[in-house]
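Participant: Numbering (this note's numbering), first residue to last: 181 to 548.
Ideal Cβ placement from N, Cα and C applies to all residues, glycine included.
Note that the structure is predicted; figures quoted are calculated from it, not measured.
There's a structure below that I have some questions on.
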Amino acid sequence: MTRRDVLRLGAIGTGIFAIGGLTRLGGRAVAQSPSVPTVDRLAMTNVVDNIYDVFAKGGKLDSIMVERTGLRIGADSLLAEHGLAYHLESVRGQERRQILLDFSLTERNLLNNYKVLKVDPAGADALVISHGHADHYGALPDYAQLVQGKTKPGLTLFAGGEDTFCHRVVVTPGGSIDQGQLDRAALESRGLAVVLAKQPTVVAGHAFTSGQIPRLTDFEKPPAAARLIAGPMDSACSVTHFGVTRVEGKPGELVSDNFQGEHATAFHVKGRGLVVITSCGHAGVINSVRQVQKATGIDKVHAVVGGFHLAPAPDEIVAKTVEAFKSIDPDYIIPMHCTGLNTIIALYGVMPKKLVMPSTGTRVIFGA
Ligand SMILES: [Fe+2]
Numbered sequence: 181m182t183r184r185d186v187l188r189l190g191a192i193g194t195g196i197f198a199i200g201g202l203t204r205l206g207g208r209a210v211a212q213s214p215s216v217p218t219v220d221r222l223a224m225t226n227v228v229d230n231i232y233d234v235f236a237k238g239g240k241l242d243s244i245m246v247e248r249t250g251l252r253i254g255a256d257s258l259l260a261e262h263g264l265a266y267h268l269e270s271v272r273g274q275e276r277r278q279i280l281l282d283f284s285l286t287e288r289n290l291l292n293n294y295k296v297l298k299v300d301p302a303g304a305d306a307l308v309i310s311h312g313h314a315d316h317y318g319a320l321p322d323y324a325q326l327v328q329g330k331t332k333p334g335l336t337l338f339a340g341g342e343d344t345f346c347h348r349v350v351v352t353p354g355g356s357i358d359q360g361q362l363d364r365a366a367l368e369s370r371g372l373a374v375v376l377a378k379q380p381t382v383v384a385g386h387a388f389t390s391g392q393i394p395r396l397t398d399f400e401k402p403p404a405a406a407r408l409i410a411g412p413m414d415s416a417c418s419v420t421h422f423g424v425t426r427v428e429g430k431p432g433e434l435v436s437d438n439f440q441g442e443h444a445t446a447f448h449v450k451g452r453g454l455v456v457i458t459s460c461g462h463a464g465v466i467n468s469v470r471q472v473q474k475a476t477g478i479d480k481v482h483a484v485v486g487g488f489h490l491a492p493a494p495d496e497i498v499a500k501t502v503e504a505f506k507s508i509d510p511d512y513i514i515p516m517h518c519t520g521l522n523t524i525i526a527l528y529g530v531m532p533k534k535l536v537m538p539s540t541g542t543r544v545i546f547g548a
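Below, the structure is given as structure tokens:
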């Protein structure tokens with residue numbers, strides 16, 4: 181693929197960024213890659229999260245609008261669970277795009293909340309799965325069944341690597357938790373096109389993925405409890421497929437899970453900067469933000485959103501993460517899902533006005 185092809189593909193919506201096409205001065209980007217899409221407005225809806233806080237306050241902050249879904253009783257009630265799912269609706273001029281990112285744990289909660297929040301499951305322009313843990317892909321097979329034959333033509337699911345579809349296990353002192361395995365062939369048989377976006381990739385012409393995330397910080401490590409079951413040597417889940425974070429193991433063995441294929445999803449909002457959504461952040465929230473900055477050539481971070489997976493982290497790592505956040509200096513931080521109270525309290529201590537607490541059913545409008 182030539183540079184011209186890369187730029188052309190980027191312009192039509194499914195290409196890879198021209199990362200090398202930036203002018204840099206003193207290590208800082210001075211020009212944005214011409215293929216980075218920019219949107220006027222992004223409405224990010226937290227379709228499912230770990231909590232549903234009916235007392236959470238909404239309203240206009242300096243440069244975002246936070247809308248909450250109040251208490252509903254009966255069939256209109258939202259459901260929370262240990263899982264994450266988003267609806268991302270962006271606008272550029274007259275053009276509107278909808279992306280579904282992650283699919284929570286159970287179809288009961290995901291499909292209920294789509295209905296309550298008036299999200300049309302078949303209306304998506306693209307799908308993104310952040311990584312292969314059940315609290316993110318759990319309801320995806322049910323979703324694919326529900327929308328089979330009803331979606332826009334060629335609906336594509338963007339995954340970050342082969343390992344998204346490998347069998348995962350979490351080993352805890354109380355025993356192992358089988359995370360199961362997302363079946364790629366079954367999704368394709370329902371009509372979804374699956375793309376492995378190992379490099380930064382434009383999604384639906386409006387958003388982009390980070391591509392696989394280099395591990396730059398020395399304090400962000402994958403969770404010690406996470407394991408993969410190594411597949412046969414000639415399969416996509418063979419440990420030889422896991423690139424720079426490769427680990428050794430024989431087929432059938434539990435090997436350390438380095439989340440090689442976990443990727444973040446991001447937008448560039450006109451006049452605001454980057455909105456980076458980490459989902460579960462096993463590659464490190466700071467690594468994820470740095471990768472999106474590098475891929476786009478854009479330094480300004482408007483918001484960092486998602487699970488940062490620091491709930492099990494020791495204080496020292498939380499403190500280093502908070503210091504790195506201070507250096508990135510986003511306008512807003514929205515710590516969801518697996519971030520942990522430890523990190524939320526630490527962030528609140530140093531940047532209380534930047535912190536926006538999430539809740540199932542919360543809609544944050546960027547570029548409002
Ligand atoms: Fe998660």
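Using the DSSP secondary-structure output, state which residues sit across from residue 278 in a beta bridge.
Facilitator: 269
Participant: Report yes if the CB atom of residue 263 is closer than 8 Å to the CB atom of residue 284, and no otherwise.
Facilitator: yes
Participant: Can you round the beta-carbon distance between residue 482 and residue 536 to whole angstroms, since I take them to be within the 8 Å contact cut?
Facilitator: The pair is not a contact, with the Cβ atoms about 12 Å apart (cut-off 8 Å).
Participant: Check each candidate in 433, 429, 418, 475 and name the one with the smallest Cα separation from residue 443.
Facilitator: When 433, 429, 418, 475 are compared, the shortest CA-CA separation from residue 443 is found for 475.
Participant: Could you tell me whether the Cβ atoms of residue 221 and residue 296 are closer together than 8 Å?
Facilitator: no
Participant: To which residues of the same chain is residue 351 closer than 7 Å at the C-beta, ignoring the five residues directly before and after it?
Facilitator: 405, 407
Participant: Looking only at its own chain, which residues have a Cβ that is under 6 Å from the Cβ of residue 514, when we skip the five neighbours before and after it?
Facilitator: 485, 536, 538
Participant: Would you give the residue range spanned by the alpha helix (DSSP H) that residue 291 belongs to?
Facilitator: 287-296
Participant: Report the rounded CA-to-CA distance for residue 316 versus residue 461, giving the unit in angstroms.
Facilitator: Taking the straight line from one Cα to the other gives about 12 Å.
Participant: CB residue 303 to CB residue 278, shorter than 8 Å?
Facilitator: yes
Participant: Tell me the rounded alpha-carbon separation between residue 546 and residue 431.
Facilitator: 46 Å
Participant: State the DSSP-derived secondary structure class of residue 332, mapped to helix, strand or coil.
Facilitator: coil
Participant: For residue 363, name the three-state secondary structure that DSSP assigns.
Facilitator: Coil, per DSSP.
Participant: Identify whether residue 490 lies in helix, strand or coil by the three-state DSSP scheme.
Facilitator: In this structure, residue 490 counts as coil in the three-state DSSP scheme.
Participant: Along the chain, where does the beta strand (DSSP E) that runs through residue 155 open and close?
Facilitator: With the chain covering only 181 through 548, there is no way to say anything about residue 155.
Participant: Please classify residue 470 as buried or exposed, where buried requires at least 16 other C-beta atoms within 10 Å of its C-beta.
Facilitator: Residue 470 counts as buried, since no fewer than 16 other beta carbons sit within 10 angstroms of its beta carbon.
Participant: Does the Cβ-Cβ distance between residue 291 and residue 265 come in under 8 Å?
Facilitator: Here residue 291 is not near residue 265, since their CB atoms are 8 Å or more apart.
Participant: Taking 7 Å as the line, does the beta carbon of residue 443 fall inside it for any heavy atom of ligand 1?
Facilitator: Taking non-hydrogen atoms of ligand 1 into account, the C-beta of residue 443 is found less than 7 Å away from none of them.
Participant: Within the segment 432-493, note down every full alpha helix (DSSP H) run reaching 4 residues or more, in order along the chain.
Facilitator: As summarised for the segment 432-493, the continuous alpha helix (DSSP H) elements at least 4 residues long and confined to that stretch are 465-476, given in chain order.
Participant: Between the beta-carbon of residue 325 and the beta-carbon of residue 345, is there less than 8 Å?
Facilitator: no
Participant: What residues in its chain sit with their C-beta under 7 Å from that of residue 466, if we drop five residues either side in the sequence?
Facilitator: Within the same chain, 397, 400, 501, 504 come within 7 Å of residue 466 by CB-CB distance, once the 5 residues on both sides are set aside.
Participant: Looking at C-alpha atoms only, which residue of 349, 287, 247, 373 is the closest neighbour of residue 433?
Facilitator: The option with the nearest alpha carbon to residue 433 is 349.
Participant: Cα-Cα, which of 358, 385, 256, 228 is closest to residue 305?
Facilitator: 385
Participant: Take residue 478 as the anchor and find which of 328, 390, 314, 493 has the nearest alpha-carbon.
Facilitator: 390
Participant: Residue 257 and residue 459 look like a contact to me (Cβ under 8 Å); what is the Cβ gap, rounded to whole Å?
Facilitator: The Cβ separation is near 25 Å, so there is no contact.
Participant: Comparing alpha-carbon positions, which option in 251, 541, 497, 246 lies nearest residue 402?
Facilitator: Closest option to residue 402, Cα to Cα, is 497.
Participant: When DSSP labels each residue in this structure, what does residue 358 get in the three-state scheme?
Facilitator: Here residue 358 sits in strand by DSSP.
Participant: Along the chain, where does the beta strand (DSSP E) that runs through residue 544 open and close?
Facilitator: 543-546 is the extent of the beta strand (DSSP E) around residue 544.
Participant: Taking 7 Å as the limit between beta carbons, can you name the residues of its chain near residue 229, skipping five residues before and five after?
Facilitator: 260, 264, 516, 517, 538, 539, 540
Participant: What residue range is occupied by the uninterrupted beta strand (DSSP E) comprising residue 515?
Facilitator: 512-516
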